[in-house]
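Below: the structure, in structure tokens.
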Amino acid sequence: MNFDIDHVIQKVTEALTTKTVIGDRIEIGDVVLIPIMNVSFGFGGGGGDGKSSGNEQGSGAGGGGGARMTVSGMMVVKGDDVTFIPTGKSAGKSGSIEKIVDALPELLEKMNKKASKEKDESNAE
127 MNFDIDHVIQ KVTEALTTKT VIGDRIEIGD VVLIPIMNVS FGFGGGGGDG KSSGNEQGSG
187 AGGGGGARMT VSGMMVVKGD DVTFIPTGKS AGKSGSIEKI VDALPELLEK MNKKASKEKD
247 ESNAE
């Protein structure tokens, strides 16, 4: 069995781009949400050979790996104001993702009011 660890490392490295760690931006009016990910991976392999009690030669090899992606938090951009809202254990308390979800209705309402105000002002001209 031919196990090329360099090839495996190359493929994993190619998969871990900044687009993997920094998610696609989500635009809601003038607010931009950017998910930030934690990515971890590991792998291992081994092999050996030997003789059986009947003096027969044998060998074996194996390998395995795994990867994990979790959301570290959300970058929130409103105009010139940039904040990071952590999620999960990195937040130091549970429920941080709920903060993002809870903040969205208020942000949407503000954006709707601003859009209505701008529309009224343009109609008044």
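Residue numbering for the sequence shown follows my numbering, beginning at 127 and increasing consecutively. Built from N, CA and C at the ideal position, the CB exists for glycine as well. Please read all numbers here as calculations on a predicted model, not as lab measurements.
Reference residue i, options the options, closest by Cα
i: D206; options: H133, I131, I152, V157; result: V157
i: V202; options: I135, I152, E235, I131; result: I152
Cutoff 7 Å; reference residue i; Cβ partners in own chain excluding five residues on either side
i: G168; result: G191, G192
i: I148; result: I160, I162
i: L233; result: I154, V157
i: V138; result: F167
Pair within 9 Å by beta-carbon distance, residue i and residue j
i: G189; j: G174; result: no
i: G184; j: G176; result: yes
i: I120; j: L230; result: The requested residue 120 is not part of the displayed model; the chain covers only 127 to 251.
i: T209; j: V197; result: no
Contact set for residue i: own chain, Cβ-Cβ below 6 Å, skip 5 residues either direction
i: R195; result: Looking at the sequence itself, residue 195 is Met, so the reference to Arg does not match. For M195, where only same-chain residues beyond five positions count, the Cβ hits under 6 Å are M163, V165.
i: K204; result: V157
i: S220; result: Residue confidence for S220 is low, a pLDDT of 47 falling below 50, so the modelled location carries little weight; the figure read from the coordinates is stated next. The answer is none, since no qualifying residue turns up.
8 Å CB neighbourhood of residue i in its chain, flanking five on each side removed
i: S178; result: G184
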